[in-house]
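J.: Its first residue numbered 4, the sequence shown is counted upward by one per residue in my numbering.
Positions of the beta carbon are idealized from the N, C-alpha and C atoms, including for glycine.
So that we are looking at the same thing, I have put the structure below in structure tokens.
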Amino acid sequence: MTRHGILIVSALAGVTVLYLALLLFGPTEALVRTPEYQLPVIRHGLWSRVPAGALVLGLGLFAIFSLAGKVEELTATRAGRLRLWVALFLAGVACQVGPSAVHRYGLVELPLRVYLPDHTSYFTDAARIDDLRPWLRNFNSRLSSFATHTRTHPPGAVLLFYFPLQVMRASPELSQIIFGRIPRGDTALGMFSIGPPEAAAGFVMSLFLLAAAAAAVPLAFALVRVFLDDRRALAASALFAAMPGFAQKTPALDHLLGVILLASGWLMVTALRDRKMRRVAVAGALVGAGLWIGTSLLAAPLFCLLMLGAGIHRFRKPEARPKTHLGLFLSLTAIFFGSAGAALVLVGAVLDLNAFDTYQAITEAGWRFNNEISGRTHAWMWVAWDPYELLIFSGLPAGALAVASWGREAAAVGRRQWDRAQPWLWAIWVFLAALALSGKVVYEASRLAWFAFPLTAAAAAAALPDEMKTGRTTAVAIVALTAVSALVFRLLF
């Protein structure tokens, strides 16, 4: 490690340790003012479980860094890339499970979060559906009678849980086999008044959402390597997997929405890199269909257009005129929105619902209600608090590196050193600023923070010293500090 790297790590370690000590032993409620994280909700972890959680989390992060020596070889072939993505996916699973093991319920918490009506209430409402068609027909008018989270999501969120429920109810032998694999399954039956088929379906969906969260790790690597070298892209994926926010409230539907956002952004930039413009249409269709699952994806078109602009700059032809680039941007934007609109209408036709009416009902019955019960009636206060909330759930080391990368970009632009500017970092900054200004980062409606974490990790990787070209000591130290933050957060929240 160079002297510069030692200084960076020492400074970040000092600030991080001080902040975590204040969280653990100081005024926790004052430092994390989100209404969800007040006594008696906090301090759910057990110190006795920290070693096991740290071991699993450490193994996942070690697996990512162990790939650094052969990443160029792996990315050179299709089979190698597949092996790399599978390894990153498995590492993502470990980085989800490790911090979760610190919770007092241990891994039992994974299915419990699906069963609990105040966490994943889509499962609760899905279990109450007697006849699907009338339920869909009356969805907008009955929205205010649904559980908290269902009020803020389109019906697709409930249908994701409804169909596994139907499969398990129709297959009692299969549901009984799966039920036998659930940790403390009998306890769940009594606590939530559900039968073995419902418990089995909830367990399957908890594994599905866990897999969706883990899939974000290779997706983050794939997106970042478009703009950075493979080693820094690996560092970005490790930073993302180590963040407190990555394993927070797992499993959650927000992880699936985050995967859709990352996948659509990756499709936009690789369409330009590989000259396969049909990927833009696929990205649009993915976002359009996803809007029937979560309102959070209203942010996806902005991200996709920002990635499109960054991709055009990254893969532009030097001899092309600016008008050519503008024409390409406008034409691909039209393809994206046309595809998104078509998917939105087609899925709505299948559901026999109008997207505009559904989103209007969600706004009236869902967001208004949840703003009132969560105390977020003064929007400006939460807009002002959001950047801090994003920073701490990203982990102070990763967040500080991301801020440093944007500071360096601002300095380059201020000196008019245009050749050193990286427009993709500016695109990420604009998107994160839009998330923070929305006032909907971490609360019962569209929790947009899950969109921010992989992008913050990408910006942080861009700030890593040049040592990353030959070594990884600085990156390992910073990722380790971020992982410690994740374990402390799971002790508390």
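(1) Within a Cβ cutoff of 6 Å, which residues of the same chain sit near Val350, ignoring the five residues on either side of it in sequence?
(2) Excluding the five sequence neighbours on either side, which residues of its own chain have a C-beta within less than 8 Å of the C-beta of Ala352, listed in chain order?
(3) Using 8 Å for Cβ pairs, my map puts Trp1 next to Ala462. What's the rounded Cβ distance?
(4) Just how far apart, CA to CA, sit Leu139 and Pro120?
(5) Buried or exposed, going by whether 16 or more other CB atoms sit within 10 Å of the CB of Pro325?
(6) By Cβ distance below 8 Å, which residues in the same chain neighbour Tyr362 in space, the five residues on each side in sequence not counted?
(7) Do you know offhand how far Ser147's Cα is from Leu393's?
(8) For His7, name the three-state secondary structure that DSSP assigns.
(9) Hey, quick one: how far does the alpha helix (DSSP H) through Ala160 stretch, first residue to last?
(10) Compare the Cα-Cα distances from Pro114 to each of Phe164, Arg46, Phe496 and report the closest residue.
(11) For Leu42, which three-state DSSP category applies?
(12) Between the segment 330-342 and the segment 276-285, can you find at least three pairs of beta-carbon atoms closer than 8 Å?
(13) Once you ignore the five residues that flank Leu300 on each side, which residues in its own chain have a CB closer than 8 Å to its CB?
(14) What would DSSP say about His258, mapped onto helix, strand or coil?
(15) Tell me whether the beta-carbon of Gly248 lies closer than 7 Å to the beta-carbon of Ala452.
(16) Using the three-state DSSP reduction, which class does Gly291 fall into: helix, strand or coil?
(17) Per DSSP, which one or two residues make a beta bridge with His106?
(18) Distance, Cα to Cα, Arg107 vs Phe496?
(19) Go through its chain and collect everything with a Cβ distance to Leu34's Cβ below 7 Å, but skip five positions before and after it.
(20) With respect to the alpha helix (DSSP H) encompassing Gln363, which residues constitute its N-terminal and C-terminal limits?
(21) My output table needs one value for Thr473: the three-state DSSP class, helix, strand or coil.
(22) Is there a Cβ of chain C sitting closer than 7 Å to that of Ala219, yes or no?
(23) Taking the alpha carbon of Gly205 as the point to measure from, which residue in Leu91, Tyr118, Pro102 has its own alpha carbon closest?
(24) Keeping to the same chain, check which residues put their C-beta closer than 6 Å to that of Ile498; ignore five residues upstream and five downstream.
(25) Enumerate in chain order the residues of its own chain whose CB-to-CB distance from Ala364 is below 7 Å, with the five nearest sequence positions on each side excluded.
(26) What residues in its chain sit with their C-beta under 7 Å from that of Phe359, if we drop five residues either side in the sequence?
(27) Secondary structure at Thr253, three-state DSSP: helix, strand or coil?
(28) Taking the alpha-carbon positions, what's the Gly188 to Ala239 distance?
(29) Quick check: Ala130 and Glu176, are their CB atoms within less than 7 Å of each other?
(30) Can you check the segment 206-281 for any alpha helix (DSSP H) of at least 4 residues that lies completely inside it and give the ranges in chain order?
T.: By the coordinates alone:
(1) Closer than 6 Å at Cβ, skipping near neighbours: Ala292, Trp295.
(2) none
(3) Absent from the structure is residue 1, since the part of the chain shown begins at 4 and ends at 496.
(4) Computed Cα separation, rounded: 20 Å.
(5) exposed
(6) Pro157, Thr298
(7) Their Cα atoms are separated by approximately 30 Å.
(8) The answer is helix: DSSP assigns His7 an H, G or I state.
(9) 159-173
(10) Phe164
(11) Low confidence applies to Leu42: its pLDDT is 44, below 50, so where it sits in the model is not reliable enough to give any reading.
(12) yes
(13) Only Leu260, Ile263, Leu264, Val290, Gly293, Leu294 meet the Cβ criterion.
(14) helix
(15) In terms of Cβ geometry, Gly248 and Ala452 form a close pair [threshold 7 Å].
(16) helix
(17) Gly48
(18) 11 Å
(19) Leu25, Leu26
(20) Unbroken alpha helix (DSSP H) run through Gln363: 358-364.
(21) With a pLDDT of 48 at Thr473, under the threshold of 50, the predicted position of this residue should be treated as unreliable, though the coordinate-derived value follows. Three-state result, Thr473: coil.
(22) The chain inventory of the structure shown lacks chain C, comprising one protein chain alone.
(23) Tyr118
(24) In the structure as shown, the chain begins at 4 and stops at 496. Residue 498 is therefore absent and cannot be evaluated.
(25) Asn143, Leu146
(26) The answer is none, since no qualifying residue turns up.
(27) coil
(28) 37 Å
(29) no
(30) 233-245, 256-276
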